[in-house]
Structures are given as structure tokens and as C-alpha cells.
Amino acid sequence: MPHSRINNDLLRPLFQTSWRFYLLVGIFGSIVLAALIAWLSQAYFGFGVTGIAWPIYWGFYVTNFVFWIGISHAGTLISAILRLVDAGWRRPVTRCAEVITVFALMIGALFPIIHLGRPWLAFWLFPYPSERLIWPNFRSPLVWDFFAINTYLTGSVLFLVLPMIPDFAVVRDKATGLRKKIYGILALGWRGTPKQWHRLESAMSIMAVAIVPVAVSVHTIVSFDFSMAPVPMWQTTIFGPYFVAGAIFSGIAGLLIAMALLRRFLHLQEYLLPIHFQNLGKLLLVMALLWGYFVFNERLVTYYGNEPSEMAVFWRTQRESFAPLYWTMIIGNFVLPVVLMGIKYFRTITGCVIASIGVIVGMWLERFLIIVPSLGHKYLPYSFGTYRPQPVEIIIAIATFAAMTLLYVLFAKFVPIISIWELKTGPSERTGLPHHLGHVGPVVTDRPRP
Amino acid sequence: MKAIYGLYGDGMSAQQAVNRLRAAGVADREIVVMSSQPMEDYEFGHMDSRTRIWWIACLGGLIGMATALGLAWLTEVSWPINVGGLPTFAWWPNLIIIFELTMLGAILATVVTLAVTAGLGRGSSFYDPAVSDGKILVGVANPPEASVHELESALAAIHGAQIKMI
């Protein structure tokens, strides 16, 4: 495919704005605005407007926090792994994925602040020398969260931004007027010399090596928020890998949904091919099986331990008040993806999207079911309680999805959503292979020096 | 004259242009190549590829590690608190902070090295927007007046070359 065609196709959303863009921004912006009003009302009237009360202080907000941190594993981690193994089919997918990471982390990181009664004192959460003594308490999982999430967010933003620089240069070269000036600044004087390309690729390789363990550490540390606490069904060694697997699982699902929407609305049918969905669908299947394996382990060990307080939570989720949510989670996270992605006939784009929606719902429920049933049924009857989410929490939870969509739409409007230069690198000029088959290996023309 | 360069439609032609410039006595450091994608399949794509970025990243990681160790030690010893009977300076939880800051150090060192060594943010001597359309630019910046004609001949000798002087 000629470079000019790639440029035209991938820059079209930047230079042409349809009424759909304004409609989407209007709809999702309104939902986010509603959530902002809800949150301001919570700040004004106090936490009484929420369902959060003794003994369940972690309701929808912490569910959303863990869920969105999990979704953030879609991008950087998957992109880094695919980059390290040099999977040629990754090229049209990486940026779509990396963007999810950055926005999901930003949304997730808002929840510790939303969860505060006095959000204007949010800076109290930061570890700095003060009379609250958070500063020296490096033994608190909340301080680990601070370091891990900030490292991951910094790394993910840079991992997303660095490969955008050559694409900003393309936009700079194609744009006129103010847009040319803005993208000229963003392109940082990029010219595409061999030295620049080599340094960029070296930097991306190092970043990929560094970001994979950081991503794993982030969700392990989020799991420590639970497993370090003496609460029934929380104090388990399996939580670290269980959370990481769940995070990657939900991340892939989020990525598949985003790719399907981009393909349809930005007319990227020639770039986001069925093979990309099929490959990611296979990954989704693997993660569904892994998730099922972890759940089986967790449940079996608890069942054999037969500890009364743990068994109370165990049966609450499987047979009693939380059973409908639990079995919906099992269907969404295991039955649906295993059937749809396991049978080749169903591993289509539509099949991937249906399975992914099931996984997103299932993973949100999983986070909820880890938090609420356990906190509502701790060791002694005086600490038993229930939780009913209130409109404020429900609006904010819904708005997180709207915020994600809004940010994604805006990003796709201002930045090529598929990495142009990586796509150009894919095909070999001399084999004529289509883009999605990727790079076919080095064919160095080692000309003798004169 | 600021620069003389040719625009080529494919990597093979660009490689030939680079070779002809070398034959005309132009040193590698004076040859300017620009492309809209990495050209690793060609010899000219590996010009100036020696880098210490991996070592600098490791150094950044070590600095991050030392910072984390110092931060944890200094603060825990200065404000000793009893947390669940753990030692004041407990290695297991501190390893988490040390790991995160090690990685952060490596990442930041990598990005700074990229920005400095790739010349990001610095003005360029010349550029042609045709590079974005897939053309490969091969040329020489600030060529001596005496050699302009020879350089032009070298660059134009390849079929399909589009020669420009600015």
C-alpha cells in the first residue's frame, strides 16, 4: 500500500470532522458532566448521600478503582509483550491499546480522591513529611500503590508518547496554519534520520523490557491492598497472580471492544483486520481459562479450609444474596469467552465483541464480589452489614465508561490512532506482503564501501 | 547554499545515492538521510547506530534504586513507627519501593538519553515534507561551493532522483 494512501486514511479523522464526532462528544460529555455534579453534591452534602457506611467503606468506588487499574493492563503490557516478541500483527493494534492504558489509569487514579469526604485534602494521601506519619510508613500497601501507580502511569504515558513523535511530524508536514505550528512543536523537530530511528527503537525496546514487570507489579500491589488485610477470603497468596491475570483479561476485552468501534466509525477496515481480532480472541480464550483456573483454586482451597467466617462469605456469593451476581460473573468471564473464542466459527469480530462485553461485565462484578461480600461479613456479628449503592455512586460508575469513551474519541480526533510509521515499517518493499503479515526479517544490503 | 539533496522512491536507490556520495569523498557524518520509517534493511539505516542507551538506562535504574533505598532508610529511621511488629527497616516491603523507583529511574534515563542523543527539540538545518510521503532524502548540509556540481551529479546519477538545492 503506498505511503500516501496510509497517510490519507489514517490522517482523515484529524482533518475531517463529521457531525458524529460532535454528537459523541456531546453525549458522553453530558454524562461526565452529570457525574461531576454528582461528585460535587457528594462533597457538599457529605458521604451520607452514598451507600458507603459501616462496615462496608469500600463500595462502588474501590470496585471502580480496581476495575480501571485492571483495564489499564490492556495497552502498555500487551503492546510491550508483542513488541518484545516482535509480533508483526501488533502494529495496527499497539497505539489503540496504549491509549487505553493511559486513560484507564487516569480514571482509576481518580477514585482514591472521589472516595474522600474532603477531596480538597487529597494531598494528605501523598507521602511527604508531615505529622500524619504516612511518609515513613513504607510498610503500608497504600504507599506502595502510590509509587507503583505513578511509576506505571509515567512509564505508560512515555511509552505512548515516544512513538507518536514521528507521526506528529507527518501531521506537521500535511497540515497548514495553526495546526501545522502545534504539531510542529509536538514533533520536536523530528526528521527521521537513521540516528533518530535507531535511538527511538532502542528506547522503545528498553521501555518494553521495563514496563512489563512494572505492569505486573502494579496489579499485584493493588491485590496487596486486599490480601494484607485480615478479612475473610482476602488473605490468600493467590491474589497477586489472580489480580494480574484478571487485569490482563479485562484489558484484552477492553481493547477488542475499542478496536471494533474504531474499525467501524473511523473506517479502518483495511488496517484492523479480522486476523487481529482472531489473534486477540485467542489471547482472550487463554486468559479466560487462566481466570477459571485461579477461581477454581481459590474456591477449592477455601472449601477445604472450611473456616467458618470464610465459608460464610463463600456461600453468600455462591448460593445466597450475591449468587445472581456471582453466576453472572462466571458466565461472563468463563462460559461466554470459552464458548465463543474456543469455537473457531464464532471467533469473528462480532463474536469477539460479544465475548468482550461479557468479560467487562464479569470482571467488574468480580471486583465488586471481592470487596462487598467480604467486608459485609467479617469475623464477628457486630461487623455484619449490607451495602446499597446510591444514585451518586451509580452515576459516577456509569460516567467512568463515558469518560473513557470521550477521552478515546478526543484522542482519535487529534492523534493518528494507528501508528503510521510502524504500519509503514510492516510491509517489505521487496516481497509485497500485505501490511498485516508484518516484517519478514532483515535483508541488509551490505554494499561495499568505496 | 544551505543544502543539496535528492529524494528517492525506494531504499535501494537511496543506498546507491549514499554510496555515490561516499565515492565523491563525502564522509559518513556529513551525509544526511531522512525517511518516514526505519530503514534497517539497508546499510545506510545503520549509520550512527552505536549507542550507550542501554548502559545509561541501567545507570538510571541504579540511581533510582539508590534513591529508593536512601528514601526508605532515611525516613524509616528518622520516624520509627511500629507497624504490626515489623522491624523499623523491613526489607520485604521496602523491596517494592526499591523495585518501582529502579524501574522509574531506568525509564526516565532512557527518555532523557533519547531526547538528547536524537536531537529532539533542537532546530534542524533542512528538511523536506516529501519525506512524509515515503520519499527518502539523501543529501549534504552546507556543502562547499566547489563540490556542489560533483555532489549534484552523484545524487542525480540514480534513476528517478529528484534533486533539490536550498
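As given, the protein sequences belong to chains A and B, one line each in that order. Start counting the first sequence at 1; every next residue gets the next number (my numbering). Start counting the second sequence at 1001; every next residue gets the next number (my numbering). Glycine included, every Cβ here is placed at the ideal spot set by N, Cα and C. Here the structure is a predicted model, which means the values were calculated and not measured.
Checklist entry - What are the start and end residues of the alpha helix (DSSP H) that includes residue 1034 (chain B)? => result The sequence position of residue 1034 (chain B) within the second sequence is 34, counting from 1. Not the alpha helix (DSSP H): residue 1034 (chain B) falls in the beta strand (DSSP E), residues 1031 to 1034.
Next on the checklist: So with CB distances below 7 Å, who are the chain A contacts of residue 1147 (chain B)?
Outcome noted: The sequence position of residue 1147 (chain B) within the second sequence is 147, counting from 1. Neighbours of residue 1147 (chain B) on chain A: none; closest Cβ ~16 Å, over 7 Å.
Item to check | Alpha-carbon to alpha-carbon, residue 260 (chain A) and residue 221 (chain A) | outcome: Taking the first residue of the first sequence as 1, we reach residue 221 (chain A) at position 221. Taking the first residue of the first sequence as 1, we reach residue 260 (chain A) at position 260. Their backbone Cα atoms lie some 31 Å apart in a straight line.
Next on the checklist: Please tell me whether residue 1082 (chain B) has its Cβ less than 8 Å away from any Cβ of chain A.
Outcome noted: As a first step, residue 1082 (chain B) is located in the second sequence; it is residue number 82 there, counting from the start. Not closer than 8 Å to any Cβ of chain A, the Cβ of residue 1082 (chain B) fails to qualify, so no.
Checklist entry - Which chain B residues are close to residue 203 (chain A), counting only those with a beta carbon under 8 Å from its beta carbon? => result Position 203 of the first sequence, counted from the first residue, corresponds to residue 203 (chain A). Those within 8 Å of residue 203 (chain A) in chain B are 1053, 1110, 1111, 1113 and 1114.
Checklist entry - How far does the beta strand (DSSP E) with residue 1005 (chain B) in it reach, from first residue to last? => result Residue numbering aside, residue 1005 (chain B) sits at position 5 when the second sequence is read from its first letter. It spans 1003 to 1008 - the beta strand (DSSP E) in which residue 1005 (chain B) sits, taken as one unbroken run.
Item to check | Contact list for residue 192 (chain A) against chain B, beta-carbon separation under 7 Å | outcome: Here residue 192 (chain A) refers to the residue found at position 192 of the first sequence. In chain order: 1034, 1035, 1036 and 1131.
Next on the checklist: Quick check on DSSP: helix, strand or coil for residue 185 (chain A)?
Outcome noted: Mapped onto the first sequence, residue 185 (chain A) falls at position 185. In the structure shown, residue 185 (chain A) sits in a helix (DSSP, three-state: H, G or I).
Checklist entry - Taking the DSSP output, what are the residues bridged to residue 1165 (chain B)? => result Counting from one through the second sequence, the residue named residue 1165 (chain B) turns up at place 165. DSSP lists B:1004 as partners of residue 1165 (chain B).
Checklist entry - With 16 other CB atoms within 10 Å as the buried threshold, where does residue 344 (chain A) fall? => result Counting from one through the first sequence, the residue named residue 344 (chain A) turns up at place 344. When all chains shown are included, residue 344 (chain A) counts as exposed.
Next on the checklist: Nearest by alpha-carbon distance to residue 107 (chain A): which of A:62, A:123, A:299 and A:121 is it?
Outcome noted: Within the first sequence, residue 107 (chain A) is the residue found at index 107, counting from 1. The candidate whose alpha carbon is nearest that of residue 107 (chain A) is A:62.
Checklist entry - Nearest CA to the CA of residue 405 (chain A): which residue from A:16, A:31 and A:17? => result Start at 1 with the first residue of the first sequence, and residue 405 (chain A) comes out as number 405. Residue A:31 is the option with its Cα nearest to residue 405 (chain A).
Next on the checklist: Judging by CA-CA distance, which residue of B:1095, B:1127, B:1089 and B:1026 is the nearest neighbour of residue 1146 (chain B)?
Outcome noted: Start at 1 with the first residue of the second sequence, and residue 1146 (chain B) comes out as number 146. It is B:1026 whose Cα lies nearest to the Cα of residue 1146 (chain B).
Checklist entry - Can you tell me the Cα-Cα spacing of residue 51 (chain A) and residue 1116 (chain B), whole angstroms? => result Residue numbering aside, residue 51 (chain A) sits at position 51 when the first sequence is read from its first letter. Residue numbering aside, residue 1116 (chain B) sits at position 116 when the second sequence is read from its first letter. Whole-angstrom Cα-Cα distance: 52 Å.
Checklist entry - Do you know offhand how far residue 336 (chain A)'s Cα is from residue 291 (chain A)'s? => result Here residue 336 (chain A) refers to the residue found at position 336 when the first sequence is read from its first residue. Here residue 291 (chain A) refers to the residue found at position 291 when the first sequence is read from its first residue. Taking the straight line joining both Cα atoms gives about 13 Å.
Next on the checklist: Can you tell me whether residue 366 (chain A) is buried or exposed? The criterion is at least 16 other CB atoms within 10 Å of its CB, across all chains shown.
Outcome noted: Sequence index remark: in the first sequence, residue 366 (chain A) carries index 366 (1-based). Its Cβ being crowded by 16 or more others within 10 Å, residue 366 (chain A) is buried.
Checklist entry - Distance, Cα to Cα, residue 65 (chain A) vs residue 1138 (chain B)? => result The residue you call residue 65 (chain A) lines up with position 65 of the first sequence. The residue you call residue 1138 (chain B) lines up with position 138 of the second sequence. Whole-angstrom Cα-Cα distance: 51 Å.
Item to check | chain B contact for residue 1 (chain A) (CB, 8 Å cutoff) | outcome: The count along the first sequence starts at 1 and reaches residue 1 (chain A) at position 1. By this cut-off, residue 1 (chain A) is not an interface position.
Checklist entry - Within 10 angstroms of its Cβ, does residue 1077 (chain B) collect 16 or more other Cβ (buried), or is it exposed? => result Locating residue 1077 (chain B) in the second sequence gives position 77, counting from the first residue. Flag for residue 1077 (chain B) reads exposed.
Next on the checklist: Within a Cβ cutoff of 6 Å, which residues of the same chain sit near residue 1154 (chain B), ignoring the five residues on either side of it in sequence?
Outcome noted: Position 154 of the second sequence, counted from the first residue, corresponds to residue 1154 (chain B). Only 1020, 1021 and 1024 meet the Cβ criterion.
Checklist entry - According to DSSP, is residue 169 (chain A) helix, strand or coil? => result Position 169 of the first sequence, counting from 1, holds the residue named residue 169 (chain A). Three-state result, residue 169 (chain A): helix.
Item to check | Limits of the unbroken alpha helix (DSSP H) element including residue 1141 (chain B) | outcome: In the second sequence, residue 1141 (chain B) corresponds to position 141, counting from 1. Here residue 1141 (chain B) belongs to no alpha helix (DSSP H); instead the beta strand (DSSP E) covers 1136 to 1141.
Next on the checklist: Cβ closer than 7 Å: which chain B residues qualify as neighbours of residue 9 (chain A)?
Outcome noted: Along the first sequence, one-based indexing puts residue 9 (chain A) at 9. By Cβ distance, chain B contributes nothing, its closest Cβ being about 14 Å from residue 9 (chain A), past 7 Å.
Checklist entry - residue 428 (chain A) to residue 1 (chain A), Cα distance in whole Å? => result By 1-based counting over the first sequence, the position of residue 428 (chain A) is 428. By 1-based counting over the first sequence, the position of residue 1 (chain A) is 1. With a pLDDT of only 42 at residue 428 (chain A), under 50, the local geometry of the prediction cannot be trusted, and the value read off the model is given with reservation. Using only the alpha carbons, I get a separation of about 11 Å.
Item to check | Sheet register partners of residue 303 (chain A) (DSSP bridge) | outcome: Indexing the first sequence from 1 puts residue 303 (chain A) at position 303. For residue 303 (chain A), which the question treats as bridged, DSSP gives no partner whatsoever.
Checklist entry - Out of curiosity, what's the CA-to-CA distance linking residue 278 (chain A) and residue 352 (chain A)? => result Within the first sequence, residue 278 (chain A) is the residue found at index 278, counting from 1. Within the first sequence, residue 352 (chain A) is the residue found at index 352, counting from 1. Cα-Cα distance, rounded: 8 Å.
Checklist entry - Nearest CA to the CA of residue 413 (chain A): which residue from A:288, A:265 and A:363? => result By one-based count along the first sequence, residue 413 (chain A) stands at place 413. For residue 413 (chain A), the nearest C-alpha among the options comes from A:265.
Item to check | Distance between residue 189 (chain A) and residue 1119 (chain B) (C-alpha atoms, nearest Å) | outcome: The residue labelled residue 1119 (chain B) in the question sits at position 119 within the second sequence. The residue labelled residue 189 (chain A) in the question sits at position 189 within the first sequence. If you take the alpha carbons of residue 1119 (chain B) and residue 189 (chain A), they lie about 8 Å apart.
Item to check | First through last residue of the alpha helix (DSSP H) which encompasses residue 1118 (chain B) | outcome: To locate residue 1118 (chain B), count along the second sequence from 1; it is residue 118. Careful: residue 1118 (chain B) lies outside any alpha helix (DSSP H) and carries neither H nor E.
Checklist entry - Shorter than 8 Å from the beta carbon of residue 173 (chain A) to some beta carbon of chain B? => result In the first sequence, residue 173 (chain A) corresponds to position 173, counting from 1. Yes, residue 173 (chain A) counts as interfacial toward chain B.
Checklist entry - What residues from the region 325 to 359 of chain A come within 7 Å of chain B, judged by C-beta to C-beta, listed N to C? => result none
Checklist entry - Bridge partners of residue 56 (chain A), per DSSP? => result Stepping through the first sequence from its first residue, residue 56 (chain A) is reached at position 56. Paired residue(s): A:53.
Item to check | N- and C-terminal bounds of the alpha helix (DSSP H) containing residue 271 (chain A) | outcome: The residue you call residue 271 (chain A) lines up with position 271 of the first sequence. Residue 271 (chain A) -> no alpha helix (DSSP H), and no H or E assigned at all.
Checklist entry - In three-state DSSP terms, what is residue 384 (chain A)? => result Position 384 of the first sequence, counted from the start, is the residue given in the question as residue 384 (chain A). DSSP places residue 384 (chain A) in strand when its eight states are reduced to three.
Item to check | Beta-carbon contacts of residue 22 (chain A) that lie in its chain and below 7 Å, excluding the five residues immediately before and after | outcome: For this step, residue 22 (chain A) is matched to residue 22 along the first sequence. Answer for residue 22 (chain A): no residue qualifies.
Next on the checklist: My assumption, with CB atoms under 8 Å, is that residue 1006 (chain B) sits in contact with residue 1156 (chain B). Please give the rounded CB distance.
Outcome noted: For the purposes of this step, residue 1006 (chain B) is taken as the residue at position 6 of the second sequence. For the purposes of this step, residue 1156 (chain B) is taken as the residue at position 156 of the second sequence. Indeed, because the Cβ distance is near 7 Å, the residues count as touching under 8 Å.
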